[in-house]
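Student:
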Ligand SMILES: Cc1ncc(C[n+]2csc(CCOP(=O)(O)OP(=O)(O)O)c2C)c(N)n1
Ligand SMILES: [Mg+2]
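Below, the structure is given as structure tokens:
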């Protein structure tokens, strides 16, 4: 009886990896727990252990092969020595792909920002590397800028966003902290009050709830309370929102929370060019900026303009797709879903205009109202909960500034009003999806 | 009334053959259960984060052995071993890992969020340090109800740096709450070694300024854990307030499933596996006393293997939760 050895998944978001090295050759006898191979992803290197005992019959993927899909066959073991009879068949789970989220957005051609000079060339870059470059460029330019957070230095970032920064800037400027969010957020704000320009990374925004007092009570309000004397030029950044099946405490969208607070600026980019340009702008901004990234977007590649100092101004939305029938607003990862939905809608003759909010506070409602004036219909999307949310605010602004333009009640696409469940099927039901956006757009267009 | 309830008293030398064989079996069950969980993860049946307890088994087993009915347990996300120790059904633990309706949270919690009132297991928490205040609150409830129970609060060396740990220590000591803090010092918090995160690396001393006694325990020796656990529980149960046990232990696997493993050497891991393994150690004790022969070990192996295989099969075939489950358990009906 031979046993298939499949490419294992090593993380919630892994879809493929590099088979870096085999530790065994054909004919070797292995037992459960023996290391048989090394696998690399953009986040980690991992050893693969044998699940059963037996003799290696065949190695089906050569060492060094990139892009090996999770669950594909990589080797075969002959069940000699009695493969554990209890081993369940290594069949993939009932749902063929374990990724519960709707398909991750693929790189979209970007409408060039009008402010980019004629003839600008682009390189392909992941959101992760674009964020890294933004920090590195600003750290080179200004010695007051430093990075602090859990696992940012030696580990190179829990999600590898700070890769190589310790090597370039040393431990004075790239600082590993203990697990003490409330404490180090306070230290960050204090050092900003004294004139430094900290970038405080939260491993994820879920953990910033430990620190939210310092973000709101200290960073956001002190300028005002001091009559303009005490400034905090500080960036709080990290991944926000749902990853993949990490459960209710690790999957929350804080967009609406922080966008509610005067004194903060709140930025949530979608693609790599905006991630870079907006992070650079955030670091230079004299105010506290909450910078919301998305784990599911870190590995996605986009075109990034090759110019010396690519800055995207905070507070300006971007029209990602032009259309005349319905306006769809989105930010962060939802932009990709909205663009996909727009493509599907186009096949039905509905041309959607997709607006990437990019900044949530200050919110560029002028761009939205301008669009609704043309389309007369509005669908808002966000990953977080609907009540008191980003969509609620956008609709309020459109009603305030463009009530007469509306031909249909606007609709919100958002997470179901429950904590995010772990089960794959329930998680998929709870999160907003391309399909839900398409349905909402049809509904506001009165198309069934 | 309640104070009449006695703590279990144990000396290391007094453990019976039956005790030790049970500890061996319980630790082996945890080890095999976790190995299987790792395999199911690799096959895509388990998603999200999955933090394995391999290497730390002696702590959950030893501490459980001195608890009495009604005592509570609370821990972080490295919780599978604790749930098995508390007596939860391996089937419902594994099925929660696969997110199925047969799981202890009916698939809605996942690896990091399981609970059982029946087993006195209060989670299963994903936010590092949060369980320490919650656990101190369980102790407050014990004192309030005068039920003679103790709360056992587990947290890691990394969690030991969270502010709420010290806020809890202060109140627990001030109010003499019946709580035992068990620090599972496996020397790393993700990729950060304790030396790089802590100004005082002897974590049992972290209670000094709150007048909380503490001691260091070999967390790889189930008998040492049991003995110290009994002492700490007696202290808390008899109204003297909190106690800190720093369990020196080691995590064999990566922090979660994905781990670059560049922060420690393979030699370091192998050395611990070779010289300090809690299961091997107990086997040596059993051998020296002549309390188990090959046949006895084989029988335990087979029993454990069957339980784990059954749990895995259940977890694989238990149906996904009903879509209607999405909206249940958000609120309770208020009494009219
Ligand atoms: C408040 C908070 N910050 C950060 C994290 C991410 N995180 C999860 S586990 C962990 C390391 C904890 O290490 P330790 O307390 O030593 O426990 P161990 O994993 O070793 O059992 C970190 C940083 C989190 N879950 N919650
Ligand atoms: Mg630890």
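Protein chains in written order, with the working numbering: chain A, 169 to 616; chain B, 13 to 348.
We put the CB at the ideal spot given by N, CA and C, even for glycine.
1) So residue 60 of chain B and residue 414 of chain A are supposed to be a Cβ contact under 8 Å. How far apart are they, rounded?
2) In the DSSP assignment, find the alpha helix (DSSP H) that holds residue 144 of chain B and state where it starts and stops.
3) For the stretch 340 to 402 of chain A, which segments carrying the beta strand (DSSP E) assignment without a break, of at least 3 residues, lie completely within its bounds, in sequence order?
4) So which residues on chain A does residue 54 of chain B lean against when the C-beta distance must stay under 7 Å?
5) Identify whether residue 210 of chain A lies in helix, strand or coil by the three-state DSSP scheme.
6) Does the beta carbon of residue 204 of chain B come closer than 8 Å to any beta carbon on chain A?
7) Can you confirm whether the stretch 572 to 585 of chain A touches the stretch 107 to 125 of chain B when touching is taken to mean that 3 or more C-beta pairs between the two stretches lie within less than 8 Å?
8) Report yes if the CB atom of residue 173 of chain A is closer than 8 Å to the CB atom of residue 194 of chain A, and no otherwise.
9) Name the two residues that bound the continuous beta strand (DSSP E) containing residue 186 of chain A.
10) Three or more beta-carbon pairs under 8 Å between the stretch 324 to 341 of chain B and the stretch 64 to 83 of chain B, yes or no?
11) Confirm, please, whether the CB-CB distance from residue 528 of chain A to residue 612 of chain A is below 8 Å.
12) Leaving out five residues on either side along the sequence, give the residues of the same chain with a beta carbon under 8 Å from the beta carbon of residue 308 of chain B.
13) Could you tell me if the beta carbon of residue 216 of chain B falls within a distance shorter than 7 Å of some heavy atom in ligand 1?
14) Please list, in chain order, all residues with a C-beta atom less than 6 Å from at least one heavy atom of ligand 3.
15) Identify, in the order they occur along the chain, each residue of the same chain with its Cβ nearer than 7 Å to the Cβ of residue 343 of chain B, setting aside the five sequence neighbours on each side.
16) Rounded to whole angstroms, what's the CA-CA distance from residue 298 of chain A to residue 280 of chain B? Just pull it up for me.
17) Answer with buried or exposed for residue 157 of chain B, where buried requires no fewer than 16 other C-beta atoms within 10 angstroms of its C-beta.
18) I'd like the list of long-range same chain contacts for residue 91 of chain B, defined as Cβ closer than 6 Å, with 5 residues on each side in sequence excluded.
19) Along the chain, where does the alpha helix (DSSP H) that runs through residue 284 of chain B open and close?
20) My guess is that residue 233 of chain A and residue 273 of chain B are in contact by the Cβ rule of under 8 Å, so how many angstroms apart are they, rounded?
21) Got a sec? Which residues, its chain only, sit under 6 Å from residue 302 of chain A by beta carbon, not counting five neighbours each side?
22) Taking only heavy atoms of ligand 1 into account, decide whether any of them is closer than 7 Å to the Cβ of residue 605 of chain A.
23) Could you spell out the range, first to last residue, of the beta strand (DSSP E) harbouring residue 315 of chain A?
24) Just to confirm, does residue 349 of chain A get its C-beta within under 7 Å of one of the non-hydrogen atoms of ligand 1?
25) Tell me which residues of the stretch 207 to 236 of chain A have at least one Cβ-Cβ distance to chain B shorter than 8 Å, keeping chain order.
26) Any idea what DSSP makes of residue 174 of chain A, helix, strand or coil?
27) Can you tell me whether residue 335 of chain A is buried or exposed? The criterion is at least 16 other CB atoms within 10 Å of its CB, across all chains shown.
28) Below 8 Å on the Cβ atoms is my contact criterion, and I expect residue 496 of chain A with residue 609 of chain A to pass it. Report the Cβ-Cβ distance as a whole number of Å.
29) Quick check: is the beta carbon of residue 285 of chain B nearer than 8 Å to any beta carbon in chain A?
30) How many angstroms separate the CA atom of residue 605 of chain A from the CA atom of residue 391 of chain A?
31) When burial is assigned at 16 or more other CB atoms within 10 Å of the CB, is residue 600 of chain A buried or exposed?
32) In this structure, how does DSSP classify residue 588 of chain A when only helix, strand and coil are distinguished?
33) For chain A, find out if any of its Cβ atoms is closer than 8 Å to the Cβ of residue 326 of chain B; answer yes or no.
34) From this set, A:338, A:373 and A:315, which residue's C-alpha is nearest residue 345 of chain A's C-alpha?
35) Does any heavy atom of ligand 1 sit closer than 7 Å to the C-beta of residue 177 of chain B?
36) Residue 331 of chain B to residue 240 of chain B, Cα distance in whole Å?
Tutor: Inspection of the coordinates gives the following:
1) 4 Å
2) 142 to 157
3) 342 to 344 and 365 to 369
4) Near residue 54 of chain B (Cβ distances below 7 Å), the residues of chain A are 176 and 177.
5) coil
6) Chain A places a beta carbon closer than 8 Å to that of residue 204 of chain B, counting this residue as a contact.
7) Cβ pair count under 8 Å is below three, so no.
8) Taking 8 Å as the Cβ cut-off, residue 173 of chain A and residue 194 of chain A do not qualify as a contacting pair.
9) 184 to 190
10) no
11) In this structure, residue 612 of chain A sits away from residue 528 of chain A, with a CB-CB distance that is not shorter than 8 Å.
12) 33
13) no
14) Only ligand 1 and ligand 2 can be found as ligands here, which leaves ligand 3 out of the picture.
15) none
16) 36 Å
17) exposed
18) 136
19) For residue 284 of chain B, the enclosing alpha helix (DSSP H) begins and ends at 278 to 287.
20) Not a contact, Cβ separation roughly 21 Å.
21) 444, 447 and 448
22) It does not: the Cβ of residue 605 of chain A is nowhere closer than 7 Å to a heavy atom of ligand 1.
23) 313 to 317
24) yes
25) 209, 211, 212, 213, 214, 215, 216, 217 and 219
26) strand
27) exposed
28) 7 Å
29) Not flagged as an interface residue toward chain A: residue 285 of chain B, since no C-beta distance is shorter than 8 Å.
30) 40 Å
31) buried
32) Residue state, collapsed to three classes: coil.
33) no
34) A:315
35) no
36) 43 Å
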